[in-house]
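Notes for the one structure printed next.
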Amino acid sequence: MKKEILSKSFLCGFIWLFLVLFACLTINNNIYASTARPLAIIIGNSPEEVIHQTGLNKADIIYEANVEYPFTRLMAIFNNSDEVIVGPVRSSRYYFSRLAVEWSAIFAHCGGQSLKNERIVNLDQMLYPSPYWRDKNIGGWINLFTKTQNIREKSRKMGFQEKVNLDNHLLSLRTLNLSGGDITKISIKYNQKYTISYEYKDDTNTYLRYINSMLHQDSNTFEPIAVSNIIIQYVTVEKIPGGGEGRLEVEVIGEGVAKIFYGGNYYLTKWVKKSKDHPTVYYDRQGNVINLNQGNIWIHLVPEETKVWFK
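Going by the working numbering, the letters in the sequence shown line up with residues 99 to 409, in that order.
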C-alpha cells in the first residue's frame, strides 16, 4: 500500500513538474504566450506629415513601406500599456493589414485598403470615429490623431479579446545587448526625393534616424527618433495595373534577403513568411532564428533594387 501511495505521489509530482517546465519553456519561446493585444496604427510619412508625427518612440516595432511615389507610410506596433498620442493617422494598404494579422492586432487607420480577417480588429476611423480626433491647428487631411488607450477601450467595448496568444520571435527573441560594432552609418535611398539614414551612437547603443539628412524628431517632445534594431527587408514592389493613383502592391508573403543591424553590427539574413497566417521569421546563415538586441525595431520593406550602403 505504501509503495502504491509513494508511486502515485511520485507520478503526480513528476506531472506537476513537467507542466511547470512546459509552461516556462512555452512563455520563454513565445509559443502561445499570452500578451496584451498589440495595436497596429497606420501613420503618414510625407514631408507634410513628418513635422506632425508623434508617438513613434513609444512603439515596439515600426514597419515602413512604399505607397504612392515618392512617399512611404508607417505602421507602428504597440505591444505595451503606455498611454500614447499617435499620429497623423492615415489610410491603410492591403500589405499593412497582412502584417497586422501576424500580431492579431487592433488595426487603427482611416480608410484605404484592408483585409477582412478574423484575427484582427479593424477599427477604421471612417466606421468607428470615437477613438480619434482632428487637430484643428493642422490643416488638410493630415490632422487625425488617436491615443493608444482610446483604441484599446473601443475594442474592449466592442467585445473583442484584450489578450491574445502570439508566436512571434520579434517579441521573444530580443534578449541581446551587443554593442561596440564598427558599422556606424547606414543609408537607404528609396528614390531621388527620399533617403533615410542612421547614425550609430555607442553611448546609447541606438541609431539616430535622419530623413534627407534632417534629424527625425517627435513633434510634441522634440525627442530624436532612436532605433535599437534596423531590418532592411527586400521585397517585390509592383504598380497595381489600371490604378490611376499609382497604388502599389508590396509582396510580404514569400522569402528573400534581409540586412539586419544592431549594436553597430551587420548581419546578412533570410526572411520567410510562409503564408498570410504565419509570422515573418528571420534566419541567420546557419539557418537559426536570429536573436536581436533589446529595444525597438524598425523594419524597412524596400524594393529589391533599392540602394543601401553602410560603413
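Glycine included, every Cβ here is placed at the ideal spot set by N, Cα and C.
Give the DSSP-derived three-state secondary structure of lysine 255 in the structure shown. Looking up residue 255 in the sequence shown gives position 157. Lysine 255: helix per DSSP, three-state reduction.
As a quick exercise: from Val335, Gly257, Gln392 and Glu321, pick the residue whose alpha carbon is nearest that of leucine 192. One-based indexing of the sequence shown puts residue 192 at position 94. Before going on, a small fix: residue 192 reads as tyrosine here, not leucine. The shortest C-alpha separation from tyrosine 192 is found at Val335.
What are the residues that DSSP puts in a beta bridge with glutamate 347? Locating residue 347 in the sequence shown gives position 249, where the first residue counts as 1. Answer is Glu336.
State the Cα-Cα distance for the pair asparagine 327 and threonine 246, rounded to the nearest angstrom. On the sequence shown, residue 327 is found 229 positions in, with the first residue counted as 1. On the sequence shown, residue 246 is found 148 positions in, with the first residue counted as 1. Distance from the CA of asparagine 327 to the CA of threonine 246, rounded to the nearest whole angstrom, comes to 23 Å.
On the CB-based measure, 16 or more other CB atoms within 10 Å of its CB, does lysine 372 come out buried or exposed? Translated into positions along the sequence shown, residue 372 becomes position 274. By the neighbour-count criterion, in which a residue is buried when 16 or more other Cβ atoms sit within 10 angstroms of its Cβ, lysine 372 is exposed.
Would DSSP call isoleucine 249 helix, strand or coil? For the purposes of this step, residue 249 is identified with residue 151 of the sequence shown, where counting begins at 1. Of the three classes helix, strand and coil, the one that applies to isoleucine 249 here is helix, per DSSP.
So, with DSSP's three-state summary, where would you put lysine 374? Here residue 374 refers to the residue found at position 276 of the sequence shown. Per DSSP, reduced to three states, the secondary structure at lysine 374 is coil, with no helix or strand assignment.
Apart from the five residues just before and just after alanine 198, which ones in its own chain have a Cβ nearer than 6 Å to its Cβ? Taking the first residue of the sequence shown as 1, we reach residue 198 at position 100. Excluding positions up to five away in sequence, the list reads Ala138, Phe205 and Ile218.
If you drop the 5 nearest sequence neighbours on each side, which residues of the same chain put their C-beta closer than 7 Å to that of glycine 142? Here residue 142 corresponds to residue number 44 of the sequence shown, with the count starting at 1. Correct list, in chain order: Arg171, Pro186, Arg188 and Ile240.
Less than 8 Å between C-beta atoms, sequence neighbours within five positions excluded: which residues of the same chain meet that for serine 253? The residue labelled residue 253 in the question sits at position 155 within the sequence shown. Here the set comprises Arg135, Ile204, Val219, Leu221 and Glu260.
Are the beta-carbon atoms of glycine 352 and tyrosine 332 separated by less than 7 Å? Taking the first residue of the sequence shown as 1, we reach residue 352 at position 254. Taking the first residue of the sequence shown as 1, we reach residue 332 at position 234. No, the Cβ-Cβ distance between glycine 352 and tyrosine 332 is not below 7 Å.
Using the beta-carbon count (16 or more within 10 Å), is threonine 302 buried or exposed? Along the sequence shown, one-based indexing puts residue 302 at 204. Threonine 302 is exposed by the Cβ-count criterion.
Beta carbon of leucine 271, beta carbon of asparagine 389: below 7 Å? Looking up residue 271 in the sequence shown gives position 173. Looking up residue 389 in the sequence shown gives position 291. In terms of Cβ geometry, leucine 271 and asparagine 389 form a close pair [threshold 7 Å].
With a CB to CB cut of under 8 Å and the five nearest residues on each side skipped, what residues in its chain are close to glutamate 102? Translated into positions along the sequence shown, residue 102 becomes position 4. Below a pLDDT of 50, predicted positions are generally treated as unreliable, and glutamate 102, at 48, falls in that range; the measurement from the model is reported next regardless. Once the five neighbours on either side are set aside, glutamate 102 has no close Cβ partner at all.
Using 7 Å as the threshold, is the C-beta distance between valine 387 and valine 400 below it? On the sequence shown, residue 387 is found 289 positions in, with the first residue counted as 1. On the sequence shown, residue 400 is found 302 positions in, with the first residue counted as 1. In this structure, valine 400 does not lie closer than 7 Å to valine 387 by Cβ.
Give the DSSP-derived three-state secondary structure of asparagine 391 in the structure shown. Taking the first residue of the sequence shown as 1, we reach residue 391 at position 293. In the three-state reduction of the DSSP assignment, asparagine 391 falls in the strand class, which pools E and B.
Check each candidate in Tyr292, Gln223 and Leu366 and name the one with the smallest Cα separation from glutamate 55. No statement about residue 55 is possible, as the shown extent of the chain runs from 99 to 409 and does not include it.
Would you identify the three-state DSSP class for isoleucine 397, choosing helix, strand or coil? Numbered from 1 along the sequence shown, position 299 holds the residue referred to as residue 397. Of the three classes helix, strand and coil, the one that applies to isoleucine 397 here is strand, per DSSP.
Could you give the distance in angstroms between the alpha-carbon of arginine 307 and the alpha-carbon of glycine 237? Within the sequence shown, numbered from 1, the residue matching residue 307 stands at position 209. Within the sequence shown, numbered from 1, the residue matching residue 237 stands at position 139. If you take the alpha carbons of arginine 307 and glycine 237, they lie about 26 Å apart.
Which ranges would you report for the beta strand (DSSP E) in the segment 166 to 221 if only whole runs of at least 3 residues count? You should have 170 to 176 and 204 to 207.
Tell me whether isoleucine 329 sits in a helix, a strand or coil according to DSSP, three-state version. In the sequence shown, residue 329 corresponds to position 231, counting from 1. DSSP places isoleucine 329 in strand when its eight states are reduced to three.
Looking at the unbroken alpha helix (DSSP H) that takes in serine 285, where does it start and where does it end? Within the sequence shown, the letter at position 187 stands for residue 285. No alpha helix (DSSP H) holds serine 285; the beta strand (DSSP E) holding it covers 283 to 289.
Since cysteine 281 contacts phenylalanine 408 with CB under 8 Å, what's their CB separation in whole angstroms? Mapped onto the sequence shown, residue 281 falls at position 183. Mapped onto the sequence shown, residue 408 falls at position 310. Looking at the sequence itself, residue 281 is isoleucine, so the reference to cysteine does not match. Between phenylalanine 408 and isoleucine 281 the Cβ distance is about 5 Å, and since that is below 8 Å, they are a contact.
Quick check: tyrosine 288 and tyrosine 298, are their CB atoms within less than 7 Å of each other? Counting from 1 along the sequence shown, the entry for residue 288 is found at position 190. Counting from 1 along the sequence shown, the entry for residue 298 is found at position 200. Taking 7 Å as the Cβ cut-off, tyrosine 288 and tyrosine 298 do not qualify as a contacting pair.
As assigned by DSSP and simplified to three states, the class of lysine 156: Within the sequence shown, numbered from 1, the residue matching residue 156 stands at position 58. Lysine 156: helix per DSSP, three-state reduction.
Let's test the definition: count the other Cβ atoms within 10 Å of the Cβ of threonine 273 and tell me whether it reaches 16, buried, or not, exposed. Numbered from its first residue, the sequence shown carries residue 273 at position 175. It is exposed - the Cβ of threonine 273 has fewer than 16 other Cβ atoms within 10 Å.
Any idea which residues DSSP pairs glutamate 321 with across the strands? Within the sequence shown, residue 321 is the residue found at index 223, counting from 1. DSSP, once it has assigned bridges, lists no residue as partnering glutamate 321.
Spell out the partners DSSP gives lysine 299 in its beta bridges. By 1-based counting over the sequence shown, the position of residue 299 is 201. In DSSP, lysine 299 forms a bridge with Thr304.
Where leucine 276 falls: helix, strand or coil (DSSP): Against the sequence shown, residue 276 aligns to sequence position 178. Judged by DSSP in its simplified three-state form, leucine 276 adopts coil rather than helix or strand.
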